[in-house]
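The block underneath contains the structure these notes are about, expressed in structure tokens.
In our numbering, the protein residues as written are 45 to 199.
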């Protein structure tokens, strides 16, 4: 996987990521193969420097499993995940420490999720304006980053 493409730096590259779980529901005989639950099945994407990735979906659709597979908390069944060109799947636990300091998952409060009166960009920009007002002016790139984030969020 190439860390620089089209003049833009690729931060995160995911190719055909799959996370499948074998389940036994007690209804099959011991010689029958277990059923497979496909929590994540073939996700491919590139996240470039300056972009924000938001994963939005129904409850139980695999959002959390997808995020956990990216940072190695859930074992991927197949696929490739690269951070700054370095393959993440199959790394040793001590190697993950440095990577996890750069990548974070933020789980939204389900009681406050996706306020219909706010755009996704406004939701993302709100904590920037709240906790770092000294860095955000109406015309600053940081303010625009949140305002323009809606166009960069993958839903």
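The beta carbon of each residue, even a glycine, is placed where N, CA and C say it ideally should be.
Buried versus exposed, by CB contacts within 10 Å (16 or more), residue i
i: residue 57; result: buried
i: residue 151; result: exposed
i: residue 100; result: exposed
i: residue 127; result: buried
i: residue 198; result: Here residue 198 scores only 44 on pLDDT, less than 50, and its place in the model should not be relied on; the value that follows carries that caveat. Exposed.
Cut-off 7 Å between Cβ atoms - residues of its own chain near residue i, not counting five sequence neighbours on either side
i: residue 34; result: Any question about residue 34 goes unanswered here, given that the chain covers just 45 to 199.
Identity of the residues DSSP links to residue i by a beta bridge
i: residue 127; result: 56 and 130
i: residue 61; result: 87
i: residue 69; result: According to DSSP, residue 69 bridges with nothing at all.
Pick from the options that is closest to residue i, judged by C-alpha positions
i: residue 95; options: 140, 167, 149 and 54; result: 54
i: residue 59; options: 86, 76 and 66; result: 86
i: residue 121; options: 52, 61 and 51; result: 61
i: residue 106; options: 163, 82, 93 and 125; result: 82
Nonlocal neighbours in the same chain, by C-beta distance under 6 Å from residue i, ignoring five residues either side
i: residue 89; result: 58
i: residue 131; result: none
i: residue 147; result: 115
First and last residue of the uninterrupted beta strand (DSSP E) at residue i
i: residue 83; result: 79-92
Boundaries of the alpha helix (DSSP H) in which residue i is found, first to last residue
i: residue 107; result: 107-114
i: residue 143; result: 137-144
Close Cβ partners of residue i (< 8 Å) along its chain, the five nearest in sequence each way excluded
i: residue 138; result: none
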